[in-house]
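Right, one structure below, let's go through it.
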Amino acid sequence: MTAAVVTLVVILALGAVVTVVGLLLRRRSRPGRPAGPVAAEGAAAAPEGAVPAPRLPADLTARDGGLVLLQISSAFCTHCRDTRSVLGDVAAELPGLVHRDVDLAARPELVRLLGVARTPTTLLVDGHGRELLRVDRVPRRAALVTAIEPHLPRPGR
């Protein structure tokens, strides 16, 4: 074999090893998603029998037992401003809904606790701190409202 062929074989073998290791690490680091509806684009739910996600700290839930649109942001996030605008409008429109924005620099423990893989990530959280919905990236307003409405308290309940 010539030196060029040997070099090519070594490069291809090394590339295959790196790819396999990367895929294994990616699969291993993927957090489980809590159960909930998958109505908004980018939302994810856990498969049947999955371990339930930990509940949020009390300071991030609604004190009155209502719903919170929790935006997980970071200083370098390019889409967080757009998400903040959408979530603020939706929270102002729907009664019983509060929008909170948390910077991961101030609360780094949330990355592992909530399995946040990117910013912005939006969670719909009930009064007990349970995640009802998750949307990665900038949510579409109409899809988000449609996904939230079944969780809103009904008058007379």
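Per this note's numbering, the sequence shown starts with residue 608, numbered consecutively.
Where a beta carbon is used, it is the ideal one built from N, C-alpha and C, also for glycine.
For this session: Per DSSP, which residues does L607 bridge with? Please list them.
Result: Residue numbering for the chain in the displayed model covers 608 to 764; residue 607 lies beyond these limits and cannot be assessed.
Problem set entry | Cβ shell of E700 (< 8 Å), same chain only, five flanking positions each side left out | For the purposes of this step, residue 700 is identified with residue 93 of the sequence shown, where counting begins at 1. So the list reads V752, once near-sequence residues are dropped.
Exercise. In three-state DSSP terms, what is D666?
Worked result: The residue given as residue 666 occupies position 59 in the sequence shown. Helix at D666.
Exercise. Could you give the residue range of the beta strand (DSSP E) that holds L740?
Worked result: Reading the sequence shown from its first residue, position 133 is the one you call residue 740. Start and end: 738-743.
Exercise. Do you know offhand how far L721's Cα is from D666's?
Worked result: For the purposes of this step, residue 721 is identified with residue 114 of the sequence shown, where counting begins at 1. For the purposes of this step, residue 666 is identified with residue 59 of the sequence shown, where counting begins at 1. Those two C-alpha atoms are separated by around 15 Å.
Problem set entry | Cα-Cα separation between G736 and V612, rounded to whole angstroms | Position 129 of the sequence shown, counting from 1, holds the residue named residue 736. Position 5 of the sequence shown, counting from 1, holds the residue named residue 612. Each residue's Cα considered, the two are about 59 Å apart.
Problem set entry | Member of C687, G672, G673 whose CA lies at the smallest distance from the CA of I679 | Along the sequence shown, one-based indexing puts residue 679 at 72. Of the listed residues, the one whose Cα sits closest to I679 is C687.
For this session: Output the distance between the C-alpha atoms of R744 and A623, rounded to the nearest integer angstrom.
Result: Position 137 of the sequence shown, counted from the first residue, corresponds to residue 744. Position 16 of the sequence shown, counted from the first residue, corresponds to residue 623. Their backbone Cα atoms lie some 31 Å apart in a straight line.
Problem set entry | One or two residues paired with T728 in a DSSP bridge | For this step, residue 728 is matched to residue 121 along the sequence shown. BP columns for T728 point to I679, D743.
Exercise. Just the Cα atoms here: how many angstroms apart are T726 and T614?
Worked result: To locate residue 726, count along the sequence shown from 1; it is residue 119. To locate residue 614, count along the sequence shown from 1; it is residue 7. Near 40 Å, if we compare the C-alpha coordinates of T614 and T726.
For this session: State the DSSP-derived secondary structure class of D696, mapped to helix, strand or coil.
Result: Residue numbering aside, residue 696 sits at position 89 when the sequence shown is read from its first letter. DSSP places D696 in helix when its eight states are reduced to three.
For this session: State yes or no: is the C-beta of G672 within less than 9 Å of the C-beta of D733?
Result: Locating residue 672 in the sequence shown gives position 65, counting from the first residue. Locating residue 733 in the sequence shown gives position 126, counting from the first residue. It is a contact, given that the beta carbons lie within the stated cut-off.
Problem set entry | Under the three-state DSSP convention, the category V709 falls into | As a first step, residue 709 must be located in the sequence shown, where it is residue number 102. In the structure shown, V709 sits in a strand (DSSP, three-state: E or B).
Exercise. Do you know how far the Cα of L717 is from the Cα of V625?
Worked result: Walking along the sequence shown from the start, residue 625 turns up at place 18. Walking along the sequence shown from the start, residue 717 turns up at place 110. Cα-Cα distance, rounded: 30 Å.
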